[in-house]
Amino acid sequence: MNQETAEAAHAPAELASPIPNFTVLLSPTRRGARLARLLTTEQLRNWGLPLDPAAHVVGELAANAATHGRVPGRSFRLTLYVVGETLRIEVTDTRGDRMPRTQPPSAEADSGRGLVLVEALADRWGVSPGRPPRKTVWAEITVPGATVKQVSR
1341 MNQETAEAAH
1351 APAELASPIP
1361 NFTVLLSPTR
1371 RGARLARLLT
1381 TEQLRNWGLP
1391 LDPAAHVVGE
1401 LAANAATHGR
1411 VPGRSFRLTL
1421 YVVGETLRIE
1431 VTDTRGDRMP
1441 RTQPPSAEAD
1451 SGRGLVLVEA
1461 LADRWGVSPG
1471 RPPRKTVWAE
1481 ITVPGATVKQ
1491 VSR
């Protein structure tokens, strides 16, 4: 073992991940979408951050991943992280060929209203293409005075 490897092995755990983050793979089902919201509320509680509006945003993005981004046998990924006063929510699915509309739906549209809710609740949101066949729908929420407490498990 060289000197750098030895030092890294003895580094305090909190230095290994200076940005509070959480990520999980979930089944692209209604149950997976519900679990995404429940896991988000638990993680936000552990970090000492407010649950709303983030839980609603995750609920909408996860429901979209389970409904419109569903590919049998492939999971979707929920990622949460905090940088400064910004909570970033990312939901990655394996339907990069089905990008969400960034314009509001017409009054006659059968779907698309969930993203109107995301638009209203988040400070910023968008879609990033990933390595095929993936895409990530993300939202950022400003949490003034956010101080994330690290809870050991």
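If you use my numbering, the sequence shown corresponds to residues 1341 to 1493, in order. Glycine included, every Cβ here is placed at the ideal spot set by N, Cα and C.
query = In three-state DSSP terms, what is residue 1347?
reply = Taking the sequence shown and counting its residues from 1, one reaches residue 1347 at position 7. Model confidence at residue 1347 stands at a pLDDT of 47, short of 50, so the residue's coordinates are unreliable and nothing is read from them.
query = Can you tell which of 1388, 1411 and 1381 has its C-alpha closest to the C-alpha of residue 1474?
reply = Along the sequence shown, read from residue 1 onward, the residue named residue 1474 stands at position 134. If we check each option's Cα against that of residue 1474, 1411 comes out closest.
ask   = What span of residues does the alpha helix (DSSP H) with residue 1479 cover, start to end?
value = Residue 1479 sits at position 139 when you count from the first residue of the sequence shown. It is not in any alpha helix (DSSP H) - residue 1479 instead sits in the beta strand (DSSP E) that spans 1475-1482.
task = Would you mind reading off the limits of the alpha helix (DSSP H) that contains residue 1400?
result = For the purposes of this step, residue 1400 is identified with residue 60 of the sequence shown, where counting begins at 1. Note, residue 1400: alpha helix (DSSP H), 1394-1407.
query = Going along the chain, which residues of its own chain have a beta-carbon closer than 7 Å to the beta-carbon of residue 1377, five neighbours each way excluded?
reply = Sequence index remark: in the sequence shown, residue 1377 carries index 37 (1-based). Closer than 7 Å at the Cβ level, and outside the excluded window around residue 1377, lie 1395, 1398, 1399 and 1402.
Burial state of residue 1493, where buried means 16 or more other Cβ atoms lie within 10 Å = Residue mapping note: residue 1493 aligns to position 153 of the sequence shown, counting from 1. Caution applies to residue 1493, whose pLDDT of 47 falls short of 50 and renders its modelled position unreliable; the value that the coordinates give is listed next. Classification of residue 1493: exposed, given that the 10 Å Cβ count is below 16.
ask   = What residues are listed by DSSP as bridge partners for residue 1414?
value = Residue mapping note: residue 1414 aligns to position 74 of the sequence shown, counting from 1. Answer by DSSP bridge pairing, in chain order: 1411.
query = Which residues in the same chain as residue 1391 place their Cβ atom closer than 6 Å to its Cβ, once the five residues preceding and following it in sequence are excluded?
reply = Within the sequence shown, numbered from 1, the residue matching residue 1391 stands at position 51. Excluding positions up to five away in sequence, the list reads 1381 and 1384.
Whole-angstrom C-beta distance between residue 1433 and residue 1502, which should lie under 8 Å = Residue 1502 is absent from the model: the chain starts at 1341 and stops at 1493.
query = Residue range of the alpha helix (DSSP H) that residue 1370 falls in?
reply = Position 30 of the sequence shown, counting from 1, holds the residue named residue 1370. Per DSSP, residue 1370 belongs to the alpha helix (DSSP H) from 1370-1387.
query = Should residue 1481 be labelled buried (16 or more other beta-carbon atoms within 10 Å of its own) or exposed?
reply = As a first step, residue 1481 must be located in the sequence shown, where it is residue number 141. Buried: at least 16 other Cβ atoms inside 10 Å.
ask   = Are the Cβ atoms of residue 1486 and residue 1465 separated by less than 8 Å?
value = As a first step, residue 1486 is located in the sequence shown; it is residue number 146 there, counting from the start. As a first step, residue 1465 is located in the sequence shown; it is residue number 125 there, counting from the start. For residue 1486 and residue 1465, no; Cβs fall outside 8 Å.
message = By the three-class DSSP mapping on this structure, what secondary structure does residue 1464 have?
response = Mapped onto the sequence shown, residue 1464 falls at position 124. It is a strand residue.
ask   = Taking the DSSP output, what are the residues bridged to residue 1431?
value = Position 91 of the sequence shown, counted from the start, is the residue given in the question as residue 1431. Answer is 1418 and 1477.
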